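Chemist:
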Amino acid sequence: QEQPAIHKGLAGVVVDTTAISSVNPETNSLLYRGYPVQELAADCSFEEVAYLLWHGELPTDDALLVFEATERENRPLDPTVKRVIDDLPLTAHPMDVVRTAVSVIGADDPDAEVSTPESNLGKSVRLFAQLPSVVAYDQRRRQGLELVEPHEELDYAENFLYMTFGEVPDPVVVDAFRVSLILYAEHSFNASTFTARVIASTLSDLYSAVVGAVGALKGPLHGGANEAVMHVFDEIGTADRAEEWLDAALAEKRKIMGFGHRVYKNGDSRVPTMKAALDALVEHYDRADLLELYTTLENAMGERKNIKPNLDYPSGPAYSLMGFATETFTPLFAAARVTGWTAHVMEQLASNSLIRPLSLYDGPAERHL
Ligand code: CMC
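Heads up: the sequence shown begins at 4 in UniProt numbering, then just goes up one per residue.
1) Considering only their Cβ atoms, is the gap separating L281 from A245 smaller than 7 Å?
2) Taking just the CA atoms, how far does D81 sit from A110?
3) Could you tell me how far apart the beta carbons of H225 and A194 are, in whole angstroms, since I believe they sit closer than 8 Å?
4) Which one or two residues does DSSP pair with Y35 in a beta bridge?
5) Can you look up F262 in the DSSP assignment and give me helix, strand or coil?
6) Would you mind stating whether A212 and V16 have Cβ atoms separated by less than 7 Å?
7) Are the CB atoms of P317 and M277 within a distance shorter than 7 Å?
8) Would Y54 be called buried (16 or more neighbouring beta carbons within 10 Å of its own) or exposed?
9) In the DSSP output, which residue or residues are listed as bridge partners for P312?
10) Look up E295 in the DSSP assignment and say whether it is helix, strand or coil.
11) With DSSP run on the structure shown, which of helix, strand or coil describes E71?
12) Specify the secondary structure class of G319 as computed by DSSP and reduced to three states.
13) For E238 versus T329, is the C-beta spacing smaller than 7 Å?
14) Does the Cβ of G261 have 16 or more other Cβ atoms within 10 Å, making it buried, or fewer, making it exposed?
15) Identify, in the order they occur along the chain, each residue of the same chain with its Cβ nearer than 6 Å to the Cβ of T167, setting aside the five sequence neighbours on each side.
16) Can M233 be considered in contact with the ligand CMC, in the sense that its beta carbon sits closer than 6 Å to one or more heavy atoms?
17) Using alpha carbons as the reference points, say which of T83, S122, G305 lies closest to S106.
18) Out of curiosity, what's the CA-to-CA distance linking N355 and P97?
19) Which whole-angstrom value is the C-beta distance of V341 and L134, which I expect to be below 8 Å?
20) Applying the criterion that 16 or more other CB atoms from any shown protein chain within 10 Å of the CB defines a buried residue, is L93 buried or exposed?
21) Under the three-state reduction of DSSP, which class applies to T342: helix, strand or coil?
22) Which ranges would you report for the alpha helix (DSSP H) in the region 200 to 229 if only whole runs of at least 4 residues count?
23) Tell me, to the nearest whole angstrom, how far the beta carbon of I259 is from that of A252; I am working on the premise that it is less than 8 Å.
24) If you measure from the CB of H10, is any heavy atom of the ligand CMC nearer than 6 Å?
25) Evaluate E121 with the Cβ neighbour count: other Cβ atoms within 10 Å of its Cβ, from every protein chain shown; 16 or more gives buried, anything less gives exposed.
26) Can you round the beta-carbon distance between residue 3 and N31 to whole angstroms, since I take them to be within the 8 Å contact cut?
27) Helix, strand or coil: how does DSSP classify F192 here?
28) In angstroms, rounded to a whole number, what distance separates the CA positions of Y267 and E50?
29) Identify which residue in D243, V40, L352, V201 has its Cα closest to the Cα of L314.
30) Please return the same chain residues whose Cβ sits closer than 8 Å to the Cβ of G366, not counting the five positions on each side in sequence.
31) At a threshold of 6 Å, does L33 count as lining the ligand CMC (C-beta to nearest heavy atom)?
32) On the criterion of 16 or more Cβ atoms from any shown chain inside 10 Å, does Q6 qualify as buried, or is it exposed?
33) Can you tell me whether R75 is buried or exposed, with buried defined as 16 or more other CB within 10 angstroms of its CB?
34) Look at the alpha carbon of P275 and the alpha carbon of A44, and state the distance between them as a whole number of angstroms.
35) Quick check on F327: does DSSP put it in helix, strand or coil?
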């Protein structure tokens with residue numbers, strides 16, 4: 004009997020159509036609703052990109068004003084959410100705090116079970132507006148700092164930095180942060196987005212889909228890589244030790260964090276844009292030493308394995324230069340990707356089919372007690 008083909012890791016399998024983004028390894032490009040992500044990163048606010056992902060078009064000036072006002076109104080956290088975060092031990096990873104907070108925000112929403120397009124869009128905007136508050140609240144709590152309430156005159160990127168650091172940093176820093184958010188926002192059927200779609204396909208609620216997506220993003224083969232890259236940098240220390248470190252790590256068959264990609268085999272389309280943002284930060288903070296380590300490891304990995312960096316490679320050190328604690332890097336990714344996750348949940352629901360693949364049994368043959 005002929006065995007069915009197994010597609011381990013669903014590699015190369017086309018599961019459904021999507022109009023949200025296209026990842027094109029052949030042309031090394033990434034388009035959000037048809038627009039090259041580099042152009043969006045050069046010209047748009049993160050709010051405009053979020054609107055584009057949800058609505059399919061960039062906002063008109065009037066629509067943007069309304070959307071920005073709604074986002075700003077939704078920023079403050081409900082006391083229940085703050086209380087639950089306060090009760091979580093400081094040993095919990097910040098991604099566990101994000102996961103728990105999304106769950107509490109959902110449990111607190113009287114409309115959680117209402118699944119109309121309007122209601123789901125409202126929930127998406129609420130999560131978009133509140134995740135920065137969650138991440139910054141948790142970060143300052145860990146550092147024993149006074150909490151900073153959202154500032155409604157600041158845009159999304161400025162306010163996120165303001166709530167984390169207590170002030171809006173230099174425009175170079177704000178711009179690098181904005182660019183990172185835009186690059187992280189969406190990437191078709193990656194593991195966390197697919198998780199969200201699987202959960203949505205059972206007609207569960209949007210919050211549950213996002214909780215699952217946060218869990219999938221946490222792993223170091225996916226979003227957790229940006230944090231892991233910084234651990235690698237810390238482990239290596241200085242550029243002169245990079246080659247020796249890499250040879251030892253490869254000899255132990257370690258996966259080098261921040262390198263390789265399931266879809267892009269010849270470089271990640273997002274890297275040049277994020278690398279330019281990193282270069283600006285390196286100059287701003289006068290940290291040529293960090294850039295030297297970055298370049299030495301990248302070149303050595305190219306020579307040894309011909310494997311190129313992915314987005315997490317430049318974004319890890321960029322977030323570190325901005326002053327974020329290493330364990331916050333993946334929550335930053337989650338705050339950005341919630342736009343893509345929720346756009347996909349709404350797209351899945353618009354033409355739903357339960358996602359339920361098959362498996363090939365290879366356990367013991369039928370037997371009896
Ligand atoms: N370090 C060392 N070797 C690697 C790496 C790496 N980072 N990535 C791939 N390889 C090797 C792998 O060992 C394999 O070699 P061989 O054929 O000799 O066994 C070959 O390249 C093919 O790799 P693969 O594991 O079959 O490729 P994949 O498509 O299953 O994996 C990946 C993709 C992202 C899981 C993998 O490249 C990896 O583990 N990278 C490190 C983690 C990382 O940076 N993840 C972030 C991904 S992109 C952005 C995001 O999602 O956040």
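All residues carry an ideal CB built from backbone N, CA and C; glycine is no exception. The structure presented is a predicted model; accordingly, all values stated were derived computationally and were not measured.
Modeler: Let me lay it out:
1) In the sequence shown, counting from the first residue as 1, residue 245 sits at position 242. In the sequence shown, counting from the first residue as 1, residue 281 sits at position 278. Against a cut-off of 7 Å, the Cβ pair of L281 and A245 comes out as no contact.
2) Counted from its first residue, the sequence shown places residue 110 at position 107. Counted from its first residue, the sequence shown places residue 81 at position 78. If you take the alpha carbons of A110 and D81, they lie about 12 Å apart.
3) The residue given as residue 225 occupies position 222 in the sequence shown. The residue given as residue 194 occupies position 191 in the sequence shown. That pair is a contact at about 5 Å.
4) On the sequence shown, position 32 is the one that residue 35 refers to. Answer is S24, Y38.
5) By 1-based counting over the sequence shown, the position of residue 262 is 259. Here F262 sits in strand by DSSP.
6) Counting from 1 along the sequence shown, the entry for residue 212 is found at position 209. Counting from 1 along the sequence shown, the entry for residue 16 is found at position 13. Note that the C-beta distance between A212 and V16 is not below 7 Å.
7) Residue 277 sits at position 274 when you count from the first residue of the sequence shown. Residue 317 sits at position 314 when you count from the first residue of the sequence shown. Yes; because the gap between Cβ atoms is below 7 Å, this pair is in contact.
8) Residue numbering aside, residue 54 sits at position 51 when the sequence shown is read from its first letter. It is buried - the Cβ of Y54 has at least 16 other Cβ atoms within 10 Å.
9) Locating residue 312 in the sequence shown gives position 309, counting from the first residue. The partner list for P312 (beta bridge, DSSP) reads F262.
10) Counting from 1 along the sequence shown, the entry for residue 295 is found at position 292. In the structure shown, E295 sits in a helix (DSSP, three-state: H, G or I).
11) In the sequence shown, counting from the first residue as 1, residue 71 sits at position 68. Helix at E71.
12) Reading the sequence shown from its first residue, position 316 is the one you call residue 319. G319 falls in the helix class under three-state DSSP.
13) The count along the sequence shown starts at 1 and reaches residue 238 at position 235. The count along the sequence shown starts at 1 and reaches residue 329 at position 326. Not in contact: E238 and T329 (Cβ atoms no closer than 7 Å).
14) The residue given as residue 261 occupies position 258 in the sequence shown. Around the CB of G261, 16 or more other CB atoms lie within 10 Å, so the residue is classed as buried.
15) Working through the sequence shown from its first residue, we reach residue 167 at position 164. So the list reads A139, Q142, once near-sequence residues are dropped.
16) Walking along the sequence shown from the start, residue 233 turns up at place 230. No - the ligand CMC has no heavy atom lying nearer than 6 Å to the Cβ of M233.
17) Numbered from its first residue, the sequence shown carries residue 106 at position 103. Here the closest residue by C-alpha is T83.
18) Residue numbering aside, residue 355 sits at position 352 when the sequence shown is read from its first letter. Residue numbering aside, residue 97 sits at position 94 when the sequence shown is read from its first letter. Those two C-alpha atoms are separated by around 32 Å.
19) Stepping through the sequence shown from its first residue, residue 341 is reached at position 338. Stepping through the sequence shown from its first residue, residue 134 is reached at position 131. About 6 Å separates the Cβ atoms of V341 and L134, confirming a contact at the 8 Å cut-off.
20) Position 90 of the sequence shown holds residue 93. The residue in question, L93, is exposed, as its Cβ has fewer than 16 Cβ neighbours within 10 Å.
21) Translated into the one-based positions of the sequence shown, residue 342 becomes position 339. Note: T342 maps to helix in three-state DSSP.
22) 209 to 221
23) Against the sequence shown, residue 259 aligns to sequence position 256. Against the sequence shown, residue 252 aligns to sequence position 249. Yes, they are in contact, since the Cβ atoms of I259 and A252 sit about 6 Å apart, within 8 Å.
24) Taking the first residue of the sequence shown as position 1, residue 10 is located at position 7. Incorrect: H10 has no Cβ contact closer than 6 Å to the ligand CMC.
25) Taking the sequence shown and counting its residues from 1, the one referred to as residue 121 is at position 118. With fewer than 16 Cβ atoms within 10 Å of its Cβ, E121 is classed as exposed.
26) Coverage of the chain is limited to positions 4 through 372, which leaves residue 3 absent and any answer about it impossible.
27) Residue mapping note: residue 192 aligns to position 189 of the sequence shown, counting from 1. In this structure, F192 counts as coil in the three-state DSSP scheme.
28) Taking the sequence shown and counting its residues from 1, the one referred to as residue 267 is at position 264. Taking the sequence shown and counting its residues from 1, the one referred to as residue 50 is at position 47. Each residue's Cα considered, the two are about 27 Å apart.
29) On the sequence shown, position 311 is the one that residue 314 refers to. With distances taken between Cα atoms, L314 lies closest to V40.
30) On the sequence shown, position 363 is the one that residue 366 refers to. Excluding positions up to five away in sequence, the list is empty.
31) Locating residue 33 in the sequence shown gives position 30, counting from the first residue. Every heavy atom of the ligand CMC is 6 Å or more from the Cβ of L33, so no.
32) If you number the sequence shown from 1, residue 6 lands on position 3. The residue in question, Q6, is exposed, as its Cβ has fewer than 16 Cβ neighbours within 10 Å.
33) Taking the sequence shown and counting its residues from 1, one reaches residue 75 at position 72. Classification for R75: buried.
34) Position 272 of the sequence shown, counted from the start, is the residue given in the question as residue 275. Position 41 of the sequence shown, counted from the start, is the residue given in the question as residue 44. A straight line joining the alpha-carbon of P275 with that of A44 spans about 12 Å.
35) Within the sequence shown, residue 327 is the residue found at index 324, counting from 1. Three-state DSSP puts F327 in coil, outside helix and strand.
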